[in-house]
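A quick write-up on the structure given underneath.
4 protein chains.
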Amino acid sequence: MAGNSFGTLFKLTTFGESHGSAIGGVIDGCPAGLKIDFNSLKKDMVRRMPGQSKITTSRKEPDAVQFLSGIFEGITTGTPLAFIIENTNQKSKDYSHIKDVYRPSHADYTFEKKFGHRDYRGGGRASARETACRVVAGAIAKQLIKDIKITAFVSSVGNININKPYQDLDFNKIEATIVRCPDLHVADKMIQKIEEVKKTGDTLGGTVMCVLQNVPVGLGEPVFEKLHAQLGKAMLSINAVKGFEYGAGFCATSMKGSEHNDLFNEDGTTQTNLSGGIQGGISNGMDIYFRVAFKPVATLIQQQQALNSEGNLVQMKGKGRHDPCVVPRAVPIVEAMAALVLADFALINKTNKI
Amino acid sequence: MAGNSFGTLFKLTTFGESHGSAIGGVIDGCPAGLKIDFNSLKKDMVRRMPGQSKITTSRKEPDAVQFLSGIFEGITTGTPLAFIIENTNQKSKDYSHIKDVYRPSHADYTFEKKFGHRDYRGGGRASARETACRVVAGAIAKQLIKDIKITAFVSSVGNININKPYQDLDFNKIEATIVRCPDLHVADKMIQKIEEVKKTGDTLGGTVMCVLQNVPVGLGEPVFEKLHAQLGKAMLSINAVKGFEYGAGFCATSMKGSEHNDLFNEDGTTQTNLSGGIQGGISNGMDIYFRVAFKPVATLIQQQQALNSEGNLVQMKGKGRHDPCVVPRAVPIVEAMAALVLADFALINKTNKI
Amino acid sequence: MAGNSFGTLFKLTTFGESHGSAIGGVIDGCPAGLKIDFNSLKKDMVRRMPGQSKITTSRKEPDAVQFLSGIFEGITTGTPLAFIIENTNQKSKDYSHIKDVYRPSHADYTFEKKFGHRDYRGGGRASARETACRVVAGAIAKQLIKDIKITAFVSSVGNININKPYQDLDFNKIEATIVRCPDLHVADKMIQKIEEVKKTGDTLGGTVMCVLQNVPVGLGEPVFEKLHAQLGKAMLSINAVKGFEYGAGFCATSMKGSEHNDLFNEDGTTQTNLSGGIQGGISNGMDIYFRVAFKPVATLIQQQQALNSEGNLVQMKGKGRHDPCVVPRAVPIVEAMAALVLADFALINKTNKI
Amino acid sequence: MAGNSFGTLFKLTTFGESHGSAIGGVIDGCPAGLKIDFNSLKKDMVRRMPGQSKITTSRKEPDAVQFLSGIFEGITTGTPLAFIIENTNQKSKDYSHIKDVYRPSHADYTFEKKFGHRDYRGGGRASARETACRVVAGAIAKQLIKDIKITAFVSSVGNININKPYQDLDFNKIEATIVRCPDLHVADKMIQKIEEVKKTGDTLGGTVMCVLQNVPVGLGEPVFEKLHAQLGKAMLSINAVKGFEYGAGFCATSMKGSEHNDLFNEDGTTQTNLSGGIQGGISNGMDIYFRVAFKPVATLIQQQQALNSEGNLVQMKGKGRHDPCVVPRAVPIVEAMAALVLADFALINKTNKI
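Chains as they are written, first to last, in the working numbering: chain B, 1 to 354; chain L, 355 to 708; chain E, 709 to 1062; chain Y, 1063 to 1416.
As structure tokens, this is what we get:
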């Protein structure tokens, strides 16, 4: 497998299986001289942590991050930052029943066919546990680009949506509910819906919206490394993501140019922002906003038909402790990936003009 | 500017401004021994070519592709394939009126701010003319992975949609209409709509759907280089694209897991394919399908407010010959980018097992 | 700092400072299905280990390698192999005297000027301790290309040289002496010389020769990624290396073409091998051999003039336990780097022809 | 073939065969705002040009460089600079006699075995003609880092050496002789020697020395991307290069640490400079100097034994017009590659500290 690195100058490489001894990552290219705020990093980890509320998995993983290198006296030295998170809660026996079984809509079958040999325990490398490493690196990236405000929140759960533009929301309320939806009335409905579905052993999808504010003009590289192309890749690389749109997104397809174009103000800002803060792949200084679609979790606590390695269909039922809906925990992951993209482009952008 | 290369092993680097002497590209990593079918390449170029029908720009560009290297006696040698397309139809005077003007929802302003010095003629490097090079490289890539069938078509124009699953469409009819929509009844409506809007000097958005058939199991690299993440990036890097979804896409977000999961057949295929042929970032052998959202073209043949470099709002009107709707010409570009992604992953996949 | 990764498909990323909690690495791109021989890995680690003989540093570091991921039931899974080596013998107090001092011919000054903030303990990231990670990854790489025989040995210490072509040496005797020189008579003189110089607190340079046998025809990529260019970079990236030559090397510069050309045999082998097994950057199936120059260790157990951060010249004396000559311990490092280069090119070469 | 790109941020990709329609390259990552001095570029091209004197090949190639993109009104725009050099002097018939013949110590055999299909005319992609593109890109790179003085010269031809330290040479005299050796007395002997050998149809090797002056402290990235490691790779990637050493180089191996260490002056400069201006892979502000070994040209105007594709040994004689000794023409190539390395590291270095 290749493909475990993300970024050009600010580069994260992650490793680890959900039931190996540890997961972790290496950040290469973080500039020297950055004082690390470990509290802020921890806060993001807690937001992603399993077992945080009644609507997430009840699995408990402390997810203590241990830095091994690259930080001296609390400040980055310019050398690679390596970190590990031990897998302290490995109940491998939980997974013996899936050793030779390919669960529907999981990566079991494709990993087996691609690699021939796989760690089947808990999804192995395909487990969403890997995203903890993204949150660690994202927390460092956020500190590197601290003038940019990155805010993600749950914009829909199943068919329950926020029906307001993000400008009308109070972002301070995002963390006020366990579902991370700043519209508290809608949040209640979402929580209720998740609990309802959870009781039946079923799961729900949803969307996460992310807003990037105070982004300087000029981030992103034209042609193949457009800012939104890399943001899209970042988001689509998160487990369970099925779609990405920015600015007016799919809605733009049914608009006319005269409706969609953002007219300028004299200071270079625009009167509307259907473009979503990016023109020609380069940030224009307006808010960047995008929406990420998450499918419903594939592991059900219901009887389901699976395939075994001998080509027989078998009945199986998820025994583990799984999230009925991933979006509340996906919020910090979306933010982290956005931060990685922005930090990388911010560094690259230092080299664009003589 | 960095960011003009795409791919890891099968790597395309493009160059050129719309009004420079030529655009072109270099393909590095194309295996030796591939007999090039230049006719098939030319067909794709013709499908992208301006001036092909009454619903595209009337601008004529022959777009003759000249290969400079990497092919000997009609067969690739393993060395880089360089090609150029001369800009024979440069009417630079057409653009003198925008020298100091930033058009709304164009890349003029962001290029100026990022680079300080830019070729303003016809959008320069930000011009969609650059996509011609993608079609050239994509045509080579298609030949490298010739067992995979790549089919894109227009699935919506404005709010006129195909209301059928792609399985019910006859792909042979795609090229039967100038709008490249295989549902001929819908196609007629689309054409009518585009002509209507064109008359007013306005433009329309739309969507392109793409289906990848006969993809072997195992393409794509887990974690950051998931097959759909790279497809998403590829599509989002095309001019005017605002969104990407694959499989059930955004619809998946309002489904339950029990509805969305694709149950297996005994041969490893699945009964449904809401996943869109990819599990854990790796192709599972089922059809891969995705949808790409294009915004309406920003250049209007209407009076619009623009900003000049001195910070004054000015009135301007597009004088050039522009597409009222890009999706018919975007079809071969979407296919080309899909081919680049698949060819690259097909090469990488040769190294995944001992 | 960027630059902590090596390789394109078989890619090693290393991290860690000599006096942090651990050093380690991540190997991405190792194919699945490789059964790891941990004994053979351990043997290479022991050959690099400090404290192995009277002519190396007396410092003891167990250098126990702990794998965290990528191996399941003893076999690689295709996912990244991460490993750490804890720094159990960190005597940080040993280094407090150099906190504000730049030692001559060390990296103290350049790290300070480049990064502004550095871990000064034991050389930090610039310490040769980092090479332990290369040996780990090299041991895996060797197993991936197990048909290729990689043999390095000490070819000179100071001005004591082996005066025979490598074909006349018995490689089985390399490990028979602590200096890793297969000519036992010369080895004795080398050991004696090192002991002599060690007594005075001084140090010695030397050369390591490496022979790659049974390399298949076709490894290496023309132009910038020539096999010898990448081997050269690999070797020059090892601490203390000042030069690299392959085949006839610098001697070739005073030869005529008629003397230097290697005439063919009918089976494609050559009668002579002054080219060193590489033509046009691609292996030709003959032995590849090269020589690596190591400068004398810069840390002396003698009084020396150093510079402090306030711009004053100060007297200092190395207090640590240092090698009087690095070449005996460099032998497995040279082999490891060669293995990384070959493994990477062997994977890339799978994609060169259709 | 992969491997036709060099550099991370300032990245050159080259293409083209000696007897195709053109060779050329693309420079991606050149910052915007650089005013190009085409005269200075042309001077370097003329220094590399065949047919420049009686001691080079008599082949005439005008090597006119045509830029296709990335420069607008004489100034770089930040977009990729593509350039081509047409092959106007293709005498393909000259090479028909080698169609099925592998010349000794050429890349014919290895290309054939690696790729299966090759352009045999004039060495195809393996021809040193490719280095013209390096000189073009190097000339741009030099202008980007214009404060650094890059000077290469011929330090030996066969066994005729300059026996002075470079500090005692007058670099202004380098271009005063056709052999590019600033010690005019030695230059005469070199020229005489080359003419002598040329008469017999034989060839000679030699060395090129390069001195980089006024390099800022801090260029180069520790561990795998050490400044000298990348310089070494750059040089070893030039056709016919067999060795690289910097600073005291191979001589350092027979020195003691007390002799080799460079003691500091109070201003951070050093009293001696055996290290060659680099510590720990990072420039320290002192002169960087290195030596590059070139083997004798393999094409002789003598009868030689070659191998044909049917496994028979055949007699052949070089008919083309070839250099009796490459080093005079290699001087600008060495400089160009050094410039590419320095420009890339200068850009990367902008991102090393917050």
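A virtual CB, placed ideally from N, CA and C, is assigned to each residue, including glycine.
Asked: For the alpha helix (DSSP H) that contains Gly586 (chain L), what are its first and last residues?; Found: Leu581 to Leu590
Asked: Using three-state DSSP, classify Ile1253 (chain Y) as helix, strand or coil.; Found: helix
Asked: Below 7 Å, is the gap between the Cβ of Val1273 (chain Y) and the nearest heavy atom of the ligand NAD?; Found: By its list of ligands, the structure shown contains no ligand whatsoever, and the ligand NAD lies outside what it can speak to.
Asked: In chain order, what are the residue ranges of uninterrupted alpha helix (DSSP H) at least 4 long that sit wholly in the region 865-889 of chain E?; Found: none
Asked: Considering only residues of the same chain and omitting the five flanking positions on each side of Met1063 (chain Y), which have a CB-CB separation below 6 Å?; Found: Model confidence at Met1063 (chain Y) stands at a pLDDT of 47, short of 50, so the residue's coordinates are unreliable; what they give is reported in the following sentence. Within the same chain, Met1063 (chain Y) has no close Cβ partners at all.
Asked: Should Ser1017 (chain E) go down as buried or exposed, given a rule of 16 or more other Cβ atoms within 10 Å for buried?; Found: exposed
Asked: So is Gly1339 (chain Y) in contact with chain D if we call contact Cβ pairs under 8 Å?; Found: The chain inventory of the structure shown lacks chain D, comprising the protein chains B, L, E and Y.
Asked: Please confirm if Ile1416 (chain Y) has its CB atom under 8 Å from at least one CB of chain B.; Found: yes
Asked: Considering only their Cβ atoms, is the gap separating Gly387 (chain L) from Ile429 (chain L) smaller than 8 Å?; Found: yes
Asked: Just to confirm the assignment, what range does the alpha helix (DSSP H) spanning Glu1399 (chain Y) have?; Found: Note that residue 1399 (chain Y) corresponds to Met in the displayed sequence, not to Glu. Residues Val1389 to Ile1410.
Asked: Which residue wins for smallest C-alpha separation from His1384 (chain Y), given the options Y:Ile1117, Y:Val1108 and Y:Gln1377?; Found: Y:Ile1117
Asked: Between the C-alpha atoms of Ile354 (chain B) and Met1107 (chain Y), what's the straight-line distance to the nearest angstrom?; Found: 25 Å
Asked: According to DSSP, simplified to helix, strand and coil, what is Met709 (chain E)?; Found: Low per-residue confidence applies at Met709 (chain E): pLDDT is 47, beneath 50, and the placement is therefore not dependable enough to give any value.
Asked: In this structure, does DSSP put Ile439 (chain L) in helix, strand or coil?; Found: strand
Asked: Does Gly78 (chain B) come within less than 8 Å of chain Y when only Cβ atoms are used?; Found: yes
Asked: Closest to Val1035 (chain E) by CA distance: which of E:Leu935, E:Phe861 and E:Asp876 is it?; Found: E:Phe861
Asked: Rounded to the nearest angstrom, what separates Glu1123 (chain Y) and Gln987 (chain E) at their Cα positions?; Found: 26 Å
Asked: Leu235 (chain B): which of B:Lys199, B:Val179, B:Leu219 and B:Val341 sits nearest, CA to CA?; Found: Correcting the residue identity first, residue 235 (chain B) is Met in this sequence and not Leu. For the residues B:Lys199, B:Val179, B:Leu219 and B:Val341, the minimum Cα distance to Met235 (chain B) belongs to B:Val341.
Asked: Determine whether the Cβ of Asp1170 (chain Y) lies closer than 8 Å to any Cβ atom of chain L.; Found: no
Asked: Whole angstroms is fine: what's the gap from Gly1178 (chain Y)'s alpha carbon to Ala461 (chain L)'s?; Found: 45 Å
Asked: Is the region 1315-1334 of chain Y touching the region 902-913 of chain E, taking contact as three or more C-beta pairs under 8 Å?; Found: yes
Asked: What residues of chain L sit near Asp1090 (chain Y), judged by a beta carbon separation below 9 Å?; Found: Met355, Ala356, Gly357, Asn358, Ser359, Thr367 and Phe369
Asked: Three-state secondary structure (DSSP) at Asp736 (chain E)?; Found: strand
Asked: For Gln1292 (chain Y), I'd like the list of residues in its chain whose CB is within less than 6 Å of its CB, leaving aside the five on either flank, ordered along the chain.; Found: Val1403
Asked: Give a yes or no on whether the minimum CB-CB distance between Thr1331 (chain Y) and chain B is below 8 Å.; Found: no
Asked: Check the Cβ of Thr363 (chain L) against every Cβ in chain Y and list those closer than 7 Å, keeping chain order.; Found: According to the sequence as given, residue 363 (chain L) is Leu; it is not Thr. The answer, in chain order, is Ala1064.
Asked: For chain E, find out if any of its Cβ atoms is closer than 8 Å to the Cβ of Asp63 (chain B); answer yes or no.; Found: no
Asked: For Asp382 (chain L), I'd like the list of residues in its chain whose CB is within less than 6 Å of its CB, leaving aside the five on either flank, ordered along the chain.; Found: Lys365 and Pro434
Asked: For Tyr600 (chain L), which three-state DSSP category applies?; Found: strand
Asked: Who pairs with Ser1345 (chain Y) in a beta bridge, going by DSSP?; Found: Y:Ile1340
Asked: Between which residues of its own chain and Val887 (chain E) is the CB-CB distance below 6 Å, once the five residues before and five after are set aside?; Found: Val862, Ala895, Met898, Ile899 and Pro1036
Asked: Within the region 59-131 of chain B, note down every full beta strand (DSSP E) run reaching 3 residues or more, in order along the chain.; Found: 65-67 and 81-86
Asked: Skipping 5 residues on each side, what residues in its chain have a beta carbon closer than 8 Å to that of Asn922 (chain E)?; Found: Asp855, Ile856 and Lys857
Asked: Can you name the residues that DSSP bridges to Leu12 (chain B)?; Found: B:Phe6 and B:Ile27
Asked: Spatial neighbours of Asp771 (chain E) within its chain, please: C-beta separation below 7 Å, excluding the five flanking residues on both sides.; Found: Met753, Met757, Ile793 and Ala840
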